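For the record, in the sequence shown the residue sitting at position 92 is 109 according to this note's numbering, with numbers rising by one throughout.
For every residue, glycine included, the Cβ atom is placed at its ideal position computed from N, Cα and C.
Here the structure is a predicted model, which is why all the values come from computation and not from measurement.
Notes follow the structure.
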Amino acid sequence: MSFIKAFLISASTVSALRWADGTGKLPALGWNSWNAYHCDINETLILDAAKAMVEFGFKDAGYEYVNLDDCWSVKSGRDSETLQLVPDPARFPNGISGLADQIHDLGFKIGIYSSAGTATCAGYPASIGYETIDANTWATWGIDCECPTIHYMP
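Right under this line is the structure:
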């Protein structure tokens, strides 16, 4: 079988894997705050990026995620009573749930960064030992996607 014939058969098979609702048509497309801002993030910058994605046609092109990367929480630790991660109130005055609501209003889903280790890449609190608490917290905040990494494993 020639290379071209094999390629055409495999390409037609891939296109046949799409679901009727469009799932599988494109890979997950989104924007991540780390690439632009590293740890210098706040609610306004994230919302401005999401609005620019709408304005410049990224949403219409299939982009669906706005991902909040590392450094969104306070660095000092978790809430002493609930053990939940605490969003930095200076950077996110409406909390992460307020940010999620605004991202959803623009028609996007929101992802949030986490680390499966003892600290994030930038040294913020991570999820090891708190996975269920964090998953439940993110669900109550309206987070659609966790963006996990693994740093500082014990």
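When the options are compared against residue i, the one with the closest alpha-carbon
i    : options               : result
C138 : M170, G128, L62, C162 : M170
A133 : S144, G140, I127      : S144
Y82  : D57, K68, T166, G94   : K68
P44  : L64, T61, H55, A78    : A78
C56  : V91, P110, E148       : V91
V103 : L123, S50, P142       : P142
S97  : G47, F75, Y54, I150   : I150
D118 : G47, A53, E60, G140   : E60
C164 : M70, G128, D38        : G128
W155 : P110, V71, A53, L85   : L85
Residue i - partner residues in DSSP beta bridges
i    : result
T166 : S132
N49  : N84
K126 : Y82
S90  : P104
P187 : No answer is possible for residue 187: the residues shown for the chain start at 18 and end at 171.
Nearest-angstrom Cβ-Cβ length linking residue i and residue j, presumed shorter than 8 Å
i    : j    : result
I120 : W158 : That belief does not hold up - the Cβ atoms of I120 and W158 are roughly 11 Å apart, past 8 Å.
Y130 : D161 : Y130 to D161, Cβ: 13 Å. No contact.
Q101 : R108 : Wrong, their Cβ atoms sit about 17 Å apart, outside the cutoff.
W89  : D105 : 6 Å
I167 : L116 : Incorrect: roughly 25 Å between the Cβ atoms, too far for contact.
G124 : K76  : 6 Å
Y80  : G47  : 6 Å
Where the beta strand (DSSP E) through residue i begins and ends
i   : result
K42 : Unbroken run through K42: none, as it is neither H nor E.
Span of the alpha helix (DSSP H), counted from its first residue to its last, around residue i
i    : result
I63  : 60-72
N111 : From DSSP, N111 is part of no alpha helix (DSSP H); its letter is neither H nor E.
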